[in-house]
Amino acid sequence: MEVVLAIVVGGLFAAGLYMMMRRSIVKLIIGLVLLSHAVNLLIFTSGGLTRAEPPLLPEGAEEIVMFVADPLPQALILTAIVISFAVLAFALVLFHRVYQSVGTDDLDRIKPAEESVTHL
Amino acid sequence: MQKLLLVLPIIIPLGTSAILILTWRACRVQRWLSLLGSTALMVVAGLLLATVWRDGIQATQVGNWPAPYGITLVADLFSATMVVLTALMGFAVMIYSLSGLGIDPARESFGYYPLLNILLMGVSGAFLTGDIFNMYVWFEVMLISSFVLLALGGERAQLEGALKYVTINLVSSAVFLTAVGVLYGVVGTLNMADLAIKLHNTAEPGLVTTLAMLFLITFGIKAAIFPLFFWLPESYHTPPVAVSAIFAGLLTKVGVYALIRVFTLLFTQNVGYTHTLILVLSGFTMVVGVLGAAAQYEFRKILSFHIVSQIGYMIMGLGLFTPLAIAGSVFYIVHHIIVKTNLFLISGAVERLRGTYELKELGGLYRAYPGLSILFLIPALSLAGIPPLSGFWAKYTLVRAGLEIEQYVIVAAALLVGLLTLFSMTKIWNEAFWKPLPDTSEKLVAGAAANQNMGRMRVLVLPIIILTLLTILIGLVAEPVLLLAMAASEQLLQPSEYIEAVMGA
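Listed in order, the protein sequences are those of chains A and B.
Numbers 1 to 120, taken from this note's numbering, label the letters of the first sequence in order.
Numbers 1001 to 1505, taken from this note's numbering, label the letters of the second sequence in order.
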């Protein structure tokens, strides 16, 4: 299972970075989304995969004696998802405003303002 | 009480911004409340530094979850000093905005002050946390508020700058999170003190060095070191000057702080490799930054490239990795934050008087405003490292540390870059202050005449005077600051006290 997830994570990283290097502003944001998914899955995988071993104390027990899943990676991922959701939503709006103000979605044509003025 | 001091630098800006949101439309109220908030922050930060100086490293467990399971807030001398500087810069920028000239009314009424306070909270949080994942969260708090501050106003140049800034920072956050995730997979803890213990006895030195490189990349992007600095000169000159001043002073330094923290506390297993790499990068950062500045003719762009070049000096101390060198880095950060923020504030005052940042269109400022010109000259010379100003002592400490362990190449680079910095500052002086005003700029000056209200200008210049006096003061009485830097460096290089404070608290 780890191997499969490792391949998925690698694929997501590659796809995300590839999309970021395309010229379209929309592909840039898709790339960022893929990148954040890749990282979340990576934390999930590197935290160790276990099946059906919830970290809960059975009734009456004082401490955990058997092997249980580590709940922390999931807490980290949850935090990371919330943060990346907020940041990406902001980025989406920002990129839309850039598109409106520059009038193109081609990143190569978005030049520093002072240069583009002289070329017009 | 002492535990409270660790939490207050985070609570005060948060509370201030919460109150500010309630008074959304009342700019005048917001100005004064922000000033009150940043004054309180400064007092608390000062008390925190005094406590750490007197009683050693302070730590508290948030929610009483014992370390290493809960989140720890910890202040050693280095982080307490950084919090003091954060508060000071917040205070200076708040006064600057008080004049009504530092920021335009439209931006002011769209959440400028609440955002500025959130930014201060994020920066203080990043300095005080003892947990590596929590540091990621504070970075994000700081980033999201800086994104909005950068784009606020929505001018075309700003949006283009924000596009680059947001993209590169999101990539850097992804790398940060990757590094934290793998680190947790390898070591099984996120508390930095606990990490320090466990990484020291690690069975996988190769993997740990790889992780160290991931952290170098992510914090390197935030700190704008070579070759990851290109976003900085593309974005820092676009927002209003009050915003770029606080960015220039604080944001990259959070990256430098994080680098120094992880490379003194966590990744010291393979110093020969990691710290030599940092040293080489620092040399390139210095040289490339200063050469970039030489080609520029826009006031704030020159200053932005100089941030990059100065980051090189701060990293140089870390790369040399001796007690004196780390002390030099700490001293340099103290000096740099004060001087750089000041120079940006001055560039803003110049723009208010003349209506432009372009050096070619500026001129005659010395004749018209000799006082402001002297106020520019002092931090500019300090940046270049002219004695007896603060920059001289910072550079002197670093150069001496380099000579002591016979790293002559980096010392030569540091001295050369100092000379080139002087050249850059002379260029600004000649173009903006000394040469007569070009005839073509009459219209610009006339357009800016509305700003030349003496009462408001006085308020605008007040923080500049305060920061300039601080630069002179640090220059004339360098010994206490150097003692502080030496003590901070001792704590950084002997993590046992830090670990004890966190794990025992």
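Yeah, the Cβ is synthetic: ideal placement off N, Cα and C, and Gly gets one too.
Going straight from the alpha carbon of residue i to that of residue j, what length do you get?
i, j, result
"L1020 of chain B", "L1415 of chain B", "46 angstroms"
"T1341 of chain B", "G1475 of chain B", "17 angstroms"
"W1053 of chain B", "T1016 of chain B", "28 angstroms"
"I1103 of chain B", "S1146 of chain B", "15 angstroms"
"A1327 of chain B", "Q1158 of chain B", "37 angstroms"
"V1175 of chain B", "N40 of chain A", "11 angstroms"
"E1497 of chain B", "V1287 of chain B", "36 angstroms"
"D1194 of chain B", "I1499 of chain B", "7 angstroms"
"I1307 of chain B", "G1289 of chain B", "8 angstroms"
"K1222 of chain B", "I1197 of chain B", "26 angstroms"
"M1121 of chain B", "L1437 of chain B", "42 angstroms"
"W1024 of chain B", "L1035 of chain B", "16 angstroms"
"N1270 of chain B", "I1260 of chain B", "15 angstroms"
"E1155 of chain B", "S46 of chain A", "43 angstroms"
"A1088 of chain B", "M1042 of chain B", "At residue 1088 of chain B the sequence reads Leu, which differs from the Ala that was named. So the alpha carbons of these two residues sit roughly 6 angstroms apart."
"M1094 of chain B", "S1038 of chain B", "8 angstroms"
"V117 of chain A", "E2 of chain A", "At V117 of chain A the pLDDT is 40, less than 50, meaning the model places this residue with poor confidence; the figure from the coordinates comes in the next sentence. In a straight line, the C-alpha of V117 of chain A is about 53 angstroms away from that of E2 of chain A."
"L1345 of chain B", "V98 of chain A", "28 angstroms"
"C1027 of chain B", "F1110 of chain B", "9 angstroms"
"L12 of chain A", "H37 of chain A", "7 angstroms"
"F1230 of chain B", "T1060 of chain B", "38 angstroms"
"L1033 of chain B", "G1046 of chain B", "20 angstroms"
"T1218 of chain B", "T1210 of chain B", "13 angstroms"
"A14 of chain A", "V1411 of chain B", "40 angstroms"
Residue i by DSSP, collapsed to three states: which one?
i, result
"N1270 of chain B", "coil"
"D70 of chain A", "coil"
"S116 of chain A", "Here the model assigns S116 of chain A a pLDDT of 40, short of 50, so the residue's position is not dependable, and the following value carries that caveat. Residue state, collapsed to three classes: helix."
"A1075 of chain B", "strand"
"A1059 of chain B", "strand"
"D108 of chain A", "helix"
"T1189 of chain B", "coil"
"T1202 of chain B", "coil"
"S1309 of chain B", "helix"
"S24 of chain A", "strand"
"E1298 of chain B", "strand"
"K1129 of chain B", "For the sequence presented, residue 1129 of chain B should be read as Thr rather than Lys. Correct three-state label for T1129 of chain B: strand."
"E1234 of chain B", "helix"
"E59 of chain A", "coil"
"E1358 of chain B", "strand"
"D1104 of chain B", "coil"
"F1284 of chain B", "helix"
Taking 6 angstroms as the limit between beta carbons, can you name the residues of its chain near residue i, skipping five residues before and five after?
i, result
"A1488 of chain B", "L1077, F1078 and V1330"
"D106 of chain A", "R23"
"P71 of chain A", "P55"
"V1166 of chain B", "F1147"
"G1312 of chain B", "S1282, T1285 and M1286"
What do you get for residue i, buried or exposed, if any count of 16 or more other CB atoms within 10 angstroms of its CB means buried?
i, result
"T1471 of chain B", "buried"
"A1423 of chain B", "It is Phe, not Ala, that sits at residue 1423 of chain B in the sequence shown. By the neighbour-count rule (16 or more Cβ atoms within 10 Å), F1423 of chain B is not buried but exposed."
"I1405 of chain B", "exposed"
"L1216 of chain B", "buried"
"Y1184 of chain B", "buried"
"H119 of chain A", "Below a pLDDT of 50, predicted positions are generally treated as unreliable, and H119 of chain A, at 37, falls in that range; no measurement from the model is reported."
"M20 of chain A", "buried"
"F67 of chain A", "exposed"
"G1371 of chain B", "exposed"
"Y1273 of chain B", "exposed"
"P1495 of chain B", "buried"
"M1314 of chain B", "buried"
"M1454 of chain B", "exposed"
"A1203 of chain B", "exposed"
"F85 of chain A", "exposed"
"I64 of chain A", "exposed"
For residue i, which residues of its own chain have a beta-carbon under 8 angstroms away from its beta-carbon, when the five flanking residues on both sides are left out?
i, result
"P1323 of chain B", "M1486, S1489, E1490 and L1493"
"V1180 of chain B", "I1132, F1133, Y1136 and L1190"
"Y18 of chain A", "G31"
"T1360 of chain B", "The amino acid at residue 1360 of chain B is misidentified as Thr; the sequence shows Lys. Around K1360 of chain B: Y1297, E1431 and P1438."
Grab me the residues of residue i's own chain with a C-beta within less than 7 angstroms of its C-beta, minus the 5 sequence neighbours each way, in chain order.
i, result
"S1373 of chain B", "L1365, Y1366 and F1433"
"F1284 of chain B", "F1226"
"V1141 of chain B", "I1118, M1121, G1122 and G1125"
"L1098 of chain B", "R1031, L1035 and V1459"
Short-range partners of chain A found in the region 1087–1114 of chain B, where Cβ spacing is below 7 angstroms: Hits within the stretch: zero.
Taking only beta carbons into account, state which residues of the region 1153–1167 of chain B come closer than 7 angstroms to chain A, listed in chain order. So the close ones are G1154, R1156, A1157, L1159, E1160, A1162, L1163, V1166 and T1167.
Contacting positions in the region 37–70 of chain A - beta carbon closer than 9 angstroms to chain B: Cβ contacts with chain B come from A38, V39, N40, L42, I43, F44, T45, S46, G47, G48 and D70.
Short-range partners of chain A found in the region 1179–1202 of chain B, where Cβ spacing is below 9 angstroms: Result list: V1180, G1181, V1182, L1183, Y1184, G1185, V1186, G1188 and L1190.
Chain B contacts made by the region 14–27 of chain A, where a contact means CB separation under 9 angstroms: For chain B, the residues of the region 14–27 of chain A that bring a beta carbon within less than 9 angstroms of one of its beta carbons are G16, L17, M20 and I25, in chain order.
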